[in-house]
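There are 2 protein chains.
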Amino acid sequence: MPVKASPSKAVCLLSGGLDSSTCLALAKRQGFACYALTFDYGQRHRVELKAAHHVAEALGVEDHLVVRVGVNAFGGSALTDDIDVPKGREIAEMEKSIPVTYVPARNTIFLSYALAWAEVLGSADIFIGVNALDYSGYPDCRPEYIQAYEHMANLATRAGVEGATRLKIHTPLMDLTKAGIVKLAQTLAVPFGLTHSCYDPTPEGLPCGECDACLLRAKGFQEAGIADR
Amino acid sequence: MPVKASPSKAVCLLSGGLDSSTCLALAKRQGFACYALTFDYGQRHRVELKAAHHVAEALGVEDHLVVRVGVNAFGGSALTDDIDVPKGREIAEMEKSIPVTYVPARNTIFLSYALAWAEVLGSADIFIGVNALDYSGYPDCRPEYIQAYEHMANLATRAGVEGATRLKIHTPLMDLTKAGIVKLAQTLAVPFGLTHSCYDPTPEGLPCGECDACLLRAKGFQEAGIADR
């Protein structure tokens, strides 16, 4: 992949999970100067925020912002409210319907903050690690959603009016399986041990091993034939 | 306008200004059960938040939420940063370019929170008081932007996937002049005295009379032949 002489800036959404960490590593590899953006939305899995900090540091970013957003003011998700995170589900079952871990309009809110930061930085590139396969049933991870968001974003901003640069939302993991993401992460030297995927960790911050995120991660590593450190 | 027997819920963005207050009054008149949503984004004109509270109370809403959003973390606007708010500009001059009072991606962020709340409430209707005429040059107030947002929003949510109800973003003020808005507000008995428009009020919360928002408001009342209380 070409490395640009004077690097363009990219805003990279970083949850601290495997997917967003891989996405950030790829943006770096593509030669972007990366600005990592993490959200504190009252998630029950607070250890995620710590993971994001360590990953951003390990991969080397220009800046890392943690923005507090009031998503949980509205309620409605097992990730923010006192609703049980489902355990031990089959992958096929996950794909059938939108799970209770869905946070209403989450990616829409996150991308909107990324858009604001990109505009202030003068960046025309946003990276988000969404994935349409093994995607756990979230509507805002689908390619048609991302395309619609990009179109809207280009009408929302100064650049859209003044016609400076066309903003692009990069979704390099969109068509990869979880195993494909694990393999890509390995070639990019993503520090697996620093990433965090579990929705419902133990008080010590260890993964539960039974939520959708843990099961998908385990399946990915197993199928990739790589050990999860 | 028809009043529904069992009212549908609508999320109404409410800044406390004349436009959003009129928009809320119109949603009420159309028979919606209104949920007002106000943002504390570190705006210098803090008196706006107080105005929103009084307007919501006077017009009668089901609920009024003030959500703190970290827009100002990114900087880049005279409404949040230590940049002078321009004074005494001609209307023609306002229309020529995007002003320094533009807050990056503001309406995109605000609508995204409205979308999240609408989804939790089971509402398919969002009201926003944007206006394409006399609009002070903001890209995210144009009809093509709103259309693109609505399309994206319908792909972002449970409703979009499960095909339950199509979400609509209502912009009843889009094609009105400021004078037209003032006249509409009067027929709806909007409490003018409770609303607040100024970007740069005095320490006592009085309007400066010289910023774009004050000048547009004054022009609207003058052309409508109505006194601004």
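Protein chains in written order, with this note's numbering: chain A, -4 to 224; chain B, -4 to 224.
Cβ atoms here follow ideal geometry from the backbone N, Cα and C, with glycine treated the same way.
Since the structure is predicted, the reported quantities are computational estimates derived from the model, not experimental observations.
Check                                                                                                             : Outcome
Residues that B:Asp14 contacts on chain A, provided the C-beta gap is smaller than 7 Å                            : Within chain A, no residue comes near B:Asp14; the closest Cβ sits about 19 Å away, beyond 7 Å.
Own chain, CB closer than 8 Å to A:Pro196, minus 5 neighbours either side, in chain order                         : His40, Val42, Pro202, Cys203
is_contact[A:Ala22, chain B] using C-beta, thresh 8 Å                                                             : no
A:Leu9 vs A:Ser3 beta-carbon contact at 8 Å                                                                       : no
C-beta contact flag for B:Ala109 and A:Thr152 at 8 Å                                                              : no
B:Thr33 at chain A interface by Cβ criterion, 8 Å                                                                 : no
Status (buried if at least 16 other CB within 10 Å, exposed otherwise) for B:Lys(-1)                              : Interpretation of B:Lys(-1) is limited by its pLDDT of 48, a score under 50 that renders its predicted location unreliable; no figure is taken from the coordinates.
Assigned exposure category for A:Asp170 - 16 Cβ within 10 Å defines buried                                        : exposed
CB contact below 8 Å: B:Glu139 versus chain A                                                                     : yes
Where B:Tyr239 meets chain A, residues with beta-carbon distance less than 7 Å                                    : Nothing can be reported for residue 239 of chain B, as the shown portion of chain B is limited to -4 through 224.
Straight-line Cα distance separating B:Val64 from B:Ile104                                                        : 9 Å
Below-8 Å beta-carbon distance, B:Tyr36 vs any chain A residue                                                    : no
Spatially closest choice to B:Leu32 from B:Arg24, B:Gly188, B:Gly12, by CA coordinates                            : B:Gly12
Distance cut-off 7 Å: A:Phe187 Cβ against heavy atoms of the ligand FMN                                           : Looking for the ligand FMN in the displayed structure turns up nothing, as the structure carries no ligands at all.
Endpoints, alpha helix (DSSP H) assigned at A:Tyr140                                                              : 138 to 151
Under the three-state DSSP convention, the category B:His225 falls into                                           : Shown here, chain B extends from -4 to 224; a query on residue 225 of chain B therefore has no answer.
Residue range of the alpha helix (DSSP H) that includes A:Phe105                                                  : 101 to 116
Per-residue burial, A:Gly124 [other beta carbons within 10 Å of its own, 16 or more giving buried]                : buried
Cβ neighbours of A:Ala180 in the same chain (closer than 8 Å, five flanking residues each side left out)          : Leu13, Ser16, Thr17, Ala20, Phe187
For A:Lys214, the nearest candidate out of A:Phe27, A:Ser192, A:Gly200 (CA to CA)                                 : A:Ser192
Own chain partners of B:Phe261 with C-beta closer than 6 Å, once the 5 adjacent residues on each side are dropped : Residue 261 of chain B lies beyond the residue range present for chain B, which begins at -4 and ends at 224; the question has no answer from this structure.
DSSP state of B:Cys206 mapped onto helix, strand, coil                                                            : coil
CB contact flag (A:Ala127, A:Thr160, <8 Å)                                                                        : no
Beta-carbon proximity of B:Thr190 to B:Ala46, cut-off 8 Å                                                         : yes
Chain-ordered chain A contacts of B:Ser107 [CB-CB under 7 Å]                                                      : Ala100, Thr103, Ile104, Ser107
Interface flag, B:Asp135 vs chain A, CB-CB below 8 Å                                                              : yes
A:Val6 in three-state terms, based on DSSP                                                                        : strand
Chain A within 8 Å of B:Leu110, Cβ atoms only                                                                     : yes
Environment of B:Ala148 [buried if 16+ CB atoms lie within 10 Å]                                                  : buried
Whether A:Leu106 touches A:Tyr133 by CB criterion (8 Å)                                                           : no
Inter-residue spacing [alpha-carbon to alpha-carbon] between A:Phe122 and B:Gly55                                 : 42 Å
Below-8 Å beta-carbon distance, B:Ala51 vs any chain A residue                                                    : no
A:Ala184, buried or exposed, once every other Cβ within 10 Å from all chains shown has been counted against 16    : exposed
Short Cβ contact (8 Å threshold) for B:Tyr30 with B:Trp112                                                        : yes
Same chain, Cβ closer than 8 Å to A:Cys225, five either side skipped, listed in chain order                       : Because chain A here runs from -4 to 224, residue 225 of chain A falls outside it and cannot be looked at.
Rounded straight-line distance, which links the Cα of A:Lys173 to that of A:Asp207                                : 13 Å
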